[in-house]
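S.K.: There's a structure below that I have some questions on.
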Ligand SMILES: Cc1cc2nc3c(=O)[nH]c(=O)nc-3n(C[C@H](O)[C@H](O)[C@H](O)COP(=O)(O)OP(=O)(O)OC[C@H]3O[C@@H](n4cnc5c(N)ncnc54)[C@H](O)[C@@H]3O)c2cc1C
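In UniProt numbering, the protein residues as written are 1 to 402.
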């Protein structure tokens, strides 16, 4: 058995923020992740639509750790009593303190057929699968000289961003590379009364107008009750045929077996981010059950505080309760089109888009990644076409949950 002390599971926003705080304090730790890189999920949709290449939004974890060590392993469970993690392959990893930052995973919300026939956007593999399927669908439509139809389910930020990027990509692709395709339609289906429900209604209305201006058909009050081969079924019984169904609703926590969870798969904690009855275990980010939205700033702030509370516990000091500092929200729709709510102010159009671009470049990890993204965006902005040339291999990527 390995000798370990502080273990962080997950090198996403929350886990990495905790690791950096421990580095600053000069305290050693072990970071365990099932993949060897940190992934900047907010720009995944740009990989799915060919605006960015995968390495631009991923950064290897090892060089990011100062005093910490890294272990590439999938954790399959926690033995709370024995204070050890159970790794894939049967190995046990003891800990004195645990920071759990395993994020969330897509959820089908119990809708039949979603796991089998729809595409999700969570990891790099998902983004690359969507991109390949999109190109194959275009090739199929070109061969049959027929129109193409894509369904995006869910009018939250991810659905809006995906629908906008798909519309921009298709406008370019049909004009340049696929003149035989008899048109393309992107449908954005939202079960509620407006898009971007977490934003103020005026910004939801702007997003709808902007998307419609880009050719996206926005259907509100459209509840998908089933996804089948070749399309989705609505509650009223209508079947919407589609070449691709993208599922942008519903995530649930991604806890480790052996931990208590709420109905949304999140780990309940006290305000100090500790598991009740187990003050040596902290849960942060999307997997934390305090009821905050699944956003990168929440994970970053919780990761930092969990590390600080852990250090305070080692020094015999009282922990600090978590208070979310909400700095606002942003969602991009397309070129020069975005919505922003910052400090009680609302912006749309170019100012919101420029702010969105600035914040994303600033938050990306690594100078090389920032440069790659800037170059690609500059190219796309100047030449009005995706900066990435996409090559298709043989074989058909499968939909579903990875
Ligand atoms: C498509 C998309 C777009 C988004 N856009 C935005 C946005 O615009 N703004 C925003 O604020 N937020 C956005 N988010 C949400 C944001 O990315 C999450 O809130 C944030 O990543 C949560 O951080 P985390 O540390 O909790 O989890 P994650 O960043 O998901 O990290 C979890 C880590 O745990 C690892 N892991 C999981 N299970 C195991 C295991 N069993 N063993 C070992 N390792 C494991 C994973 O490999 C991963 O590295 C978006 C999310 C998605 C999917």
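By construction, the Cβ of each residue, glycine as well, lies at the ideal position given by its N, Cα and C atoms.
What number of angstroms, rounded off, separates the C-alpha of residue 224 from the C-alpha of residue 245?
M.R.: Cα-Cα distance, rounded: 11 Å.
S.K.: Please give the ranges of any alpha helix (DSSP H) in the stretch 275–325, keeping only runs that are unbroken, at least 4 residues long and fully inside the region.
M.R.: Fully enclosed alpha helix (DSSP H) runs of 4 or longer: 296–314.
S.K.: Taking all protein chains shown into account, decide if residue 283 is buried (16 or more other Cβ within 10 angstroms of its Cβ) or exposed.
M.R.: When all chains shown are included, residue 283 counts as buried.
S.K.: So for residue 104, helix, strand or coil by DSSP?
M.R.: Three-state result, residue 104: strand.
S.K.: For ligand 1, any of its heavy atoms closer than 7 Å to the Cβ of residue 60?
M.R.: No - ligand 1 has no heavy atom lying nearer than 7 Å to the Cβ of residue 60.
S.K.: Residue 323: which of 28, 280 and 306 sits nearest, CA to CA?
M.R.: The candidate whose alpha carbon is nearest that of residue 323 is 306.
S.K.: Within 10 Å of its beta-carbon, does residue 84 have 16 or more other beta-carbons around it, so buried, or fewer, so exposed?
M.R.: By the neighbour-count rule (16 or more Cβ atoms within 10 Å), residue 84 is buried.
S.K.: Report the option in 10, 5, 16 and 11 whose CA atom is closest to the CA atom of residue 304.
M.R.: Measuring from the Cα of residue 304, the nearest candidate turns out to be 16.
S.K.: Report whether the distance from the Cβ of residue 41 to the nearest heavy atom of ligand 1 is below 7 Å.
M.R.: Checking every heavy atom of ligand 1 against the Cβ of residue 41, one is found closer than 7 Å.
S.K.: Enumerate in chain order the residues of its own chain whose CB-to-CB distance from residue 1 is below 7 Å, with the five nearest sequence positions on each side excluded.
M.R.: For residue 1, the predicted structure reports a pLDDT of 46, less than 50, and the residue's modelled location is therefore unreliable. The matter cannot be settled from this model.
S.K.: If you drop the 5 nearest sequence neighbours on each side, which residues of the same chain put their C-beta closer than 8 Å to that of residue 219?
M.R.: These residues qualify, in order along the chain: 187, 188, 189 and 190.
S.K.: Terminal residues of the continuous beta strand (DSSP E) containing residue 75?
M.R.: First-last of the beta strand (DSSP E) with residue 75: 75–79.
S.K.: Let me know if residue 254 comes out buried or exposed under the rule of 16 or more other beta-carbons within 10 Å of its beta-carbon.
M.R.: Residue 254 comes out buried.
S.K.: Answer yes or no: do residue 107 and residue 365 have a C-beta to C-beta separation smaller than 8 Å?
M.R.: No, they are not a contact pair.
S.K.: I'd like to confirm something about residue 287: is its beta-carbon nearer than 7 Å to some heavy atom of ligand 1, or not?
M.R.: Residue 287: yes, Cβ under 7 Å from ligand 1.
S.K.: Specify, as a first and last residue, the run of the alpha helix (DSSP H) that residue 128 falls within.
M.R.: It spans 124–144 - the alpha helix (DSSP H) in which residue 128 sits, taken as one unbroken run.
S.K.: Tell me which residues share the same chain as residue 181 and place their Cβ nearer than 8 Å to its Cβ, disregarding the 5 neighbours each side in the sequence.
M.R.: For residue 181, where only same-chain residues beyond five positions count, the Cβ hits under 8 Å are 138, 141, 142, 145, 146, 147, 148 and 174.
S.K.: Using 8 Å as the limit for Cβ to Cβ distance, is residue 83 near chain C?
M.R.: In the displayed structure, chain C is absent; only one protein chain is listed.
S.K.: With 16 other CB atoms within 10 Å as the buried threshold, where does residue 81 fall?
M.R.: The residue is exposed, with fewer than 16 neighbouring Cβ atoms inside 10 Å.
S.K.: Classify residue 319: buried if its beta carbon has 16 or more other beta carbons within 10 angstroms, exposed otherwise.
M.R.: The residue in question, residue 319, is buried, as its Cβ has 16 or more Cβ neighbours within 10 Å.
S.K.: With distance defined between alpha-carbon atoms, name the residue in 371, 243, 230 and 226 nearest to residue 236.
M.R.: With distances taken between Cα atoms, residue 236 lies closest to 226.
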